[in-house]
Amino acid sequence: MTEQTSTFVVTHAESESAVVRDVETAQVHTLGSNPGLEVHDVIEATVAPEPPLEVTWQVVDVADRRSIELVDSDLAPTQHATELAADADVGDLIQEERAGTGEIHVFRVPEAEVESAAQDILEDEETIARAARLEAVRVEVRRSADDGVLSVRYLPD
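Dropping the structure here:
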């Protein structure tokens with residue numbers, strides 16, 4: 163195996179080891195040591211297999227490191243997000259780029275399922291991976307059970 167340079171999200175971290183996932187390929191690498199990483203950290207790094215067995219990996223270079231903050235907001239979706247969802251059917255996803263960097267994802271869900279859908283998004287590893295791909299450092303989940311609207315805002319720093 164050879165070195166790999168990519169963007170990785172930390173999915174598991176202990177004092178002695180960590181697990182990172184490539185946000186583009188979803189390949190998982192178990193690190194034989196933990197260079198101070200925490201769950202939800204995102205690193206732009208190079209990893210290489212550890213000799214002699216090459217079953218674990220080591221971080222050989224870190225170009226950038228940031229954390230992704232997940233925010234379970236008590237705010238309702240913005241007026242713009244609500245307008246985007248107005249013509250959508252239940253189950254539809256509307257994606258819109260933000261000015262600058264980041265995206266807004268708006269979902270129509272059954273009113274009774276808004277809360278559980280919001281929790282699913284907050285607990286899903288892919289939410290962090292998507293934020294890493296979008297260069298976001300904050301993910302804000304807003305909801306309106308009355309309207310059946312859920313918005314996920316991927317925000318830059």
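Residues in the sequence shown are numbered from 163 upward in steps of one, following the working numbering. For each residue, glycine too, the CB sits at the ideal point set by N, CA and C.
Exposed unless 16 or more other CB atoms sit within 10 angstroms - verdict on residue i
i: Gly262; result: exposed
i: Thr291; result: What sits at residue 291 in the sequence shown is Ala, not Thr. Under this definition Ala291 is a buried residue.
i: Ala293; result: buried
i: Leu193; result: buried
i: Ala248; result: exposed
i: Pro272; result: exposed
Under the three-state DSSP convention, the category residue i falls into
i: Glu256; result: Residue identity differs from the one stated: residue 256 is Ile in this sequence, not Glu. Looking at Ile256 - three-state DSSP - the assignment turns out to be strand.
i: Ile205; result: strand
i: Leu246; result: helix
i: Glu231; result: strand
i: Asp251; result: coil
i: Asp184; result: strand
Cβ-Cβ separation, residue j to residue i (assumed contact under 8 Å), whole Å
i: Leu296; j: Gly264; result: 6 Å
Residue from the options whose Cα sits closest to the Cα of residue i
i: Ala307; options: Gln220, His267, Pro214, Asp236; result: Asp236
i: Glu216; options: Glu302, Ile205, Glu165; result: Glu165
Practice problem: Determine, using beta-carbon pairs with one atom in the stretch 219 to 227 and one in the stretch 198 to 210, whether at least three such pairs fall under 8 Å. | Solution: yes
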